[in-house]
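S.K.:
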Amino acid sequence: AVATISDLNAKFAGGRVLGSGRAQIYYYKAPDLDFQFLVENAKVQMPPIAYARVSGKIGLSGTALPYKLKGNFNISEALMRENFGSSDNAKALRTSKFFPQGSGGTTGEFELIDMDIDILAEKGLIIKNDLFDGELKAALKIIRSPKSPRILGNVSILHGKLFFKDNFFSISSGGLRFN
2 AVATISDLNA KFAGGRVLGS GRAQIYYYKA PDLDFQFLVE NAKVQMPPIA YARVSGKIGL
62 SGTALPYKLK GNFNISEALM RENFGSSDNA KALRTSKFFP QGSGGTTGEF ELIDMDIDIL
122 AEKGLIIKND LFDGELKAAL KIIRSPKSPR ILGNVSILHG KLFFKDNFFS ISSGGLRFN
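Under the working numbering, the first residue of the sequence shown is numbered 2, with each subsequent residue one higher.
1) Work out the CA separation of GLY72 and GLY20 for me, nearest whole Å.
2) Helix or strand or just coil, what does DSSP make of ILE26?
3) By alpha-carbon positions, which one of PHE111, ASN155 and LEU132 ends up nearest to PHE1?
4) Decide if VAL15 is buried, meaning its Cβ has at least 16 other Cβ atoms within 10 Å, or exposed.
5) Do you know whose CA, among ILE118, TYR68, ARG178 and SER173, lies nearest ILE59's CA?
6) Helix, strand or coil, according to DSSP, for SER56 in the structure here?
7) Do the CB positions of GLU123 and ILE158 come within less than 9 Å of each other?
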């Protein structure tokens, strides 16, 4: 059996999604998938990010498990207000339904998705919380499975203020490298 989506056009998170694709379904193996989607100007929320305005392309394809989730997204603006040191916030982040859950060590588990997602934010990543108030830019790649993602790339501080030991420090530049 074949399931086909053609000319999908939907509103999504204040933006829109365009897409198409097909699934070939078999009784003896996982389906063959080939879906492509274009996301335009969507304002998404995902803890700990209050919101991020994103546009980009994403595809889900493959003839066997794990399926490949490949895409690229540009972030035009984002806001994070979560406090870093709060035990209540840390607990909420650890138990968020949006983060990978630990496996119970069960044998025979297999991954459904293998990610390869590029994220680019040339400016406009704002963090405002109890320790930091500033703007960042980033060029990141998310790989592996949703259960055990790996982040590669760079995050740069464009400007900001850091509060530490009852003092404010002005930051003119800085960076993080994930490898």
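Even for Gly, the Cβ is constructed at its ideal location relative to N, Cα and C.
M.R.: Straight from the coordinates:
1) Taking the sequence shown and counting its residues from 1, the one referred to as residue 20 is at position 19. Taking the sequence shown and counting its residues from 1, the one referred to as residue 72 is at position 71. If I take the Cα positions, the gap works out to 13 Å.
2) Your numbering for residue 26 matches position 25 in the sequence shown. Reduced to three states, the DSSP call for ILE26 is coil.
3) For the chain, the structure presents residues 2 to 180; residue 1 sits outside this window and is missing.
4) Numbered from its first residue, the sequence shown carries residue 15 at position 14. Position check: residue 15 holds Gly in this sequence, whereas Val was assumed. Label assigned to GLY15: exposed.
5) Reading the sequence shown from its first residue, position 58 is the one you call residue 59. Closest by alpha carbon: ILE118.
6) Residue mapping note: residue 56 aligns to position 55 of the sequence shown, counting from 1. If DSSP states are grouped into helix, strand and coil, SER56 belongs with the strands.
7) Looking up residue 123 in the sequence shown gives position 122. Looking up residue 158 in the sequence shown gives position 157. No, the Cβ-Cβ distance between GLU123 and ILE158 is not below 9 Å.
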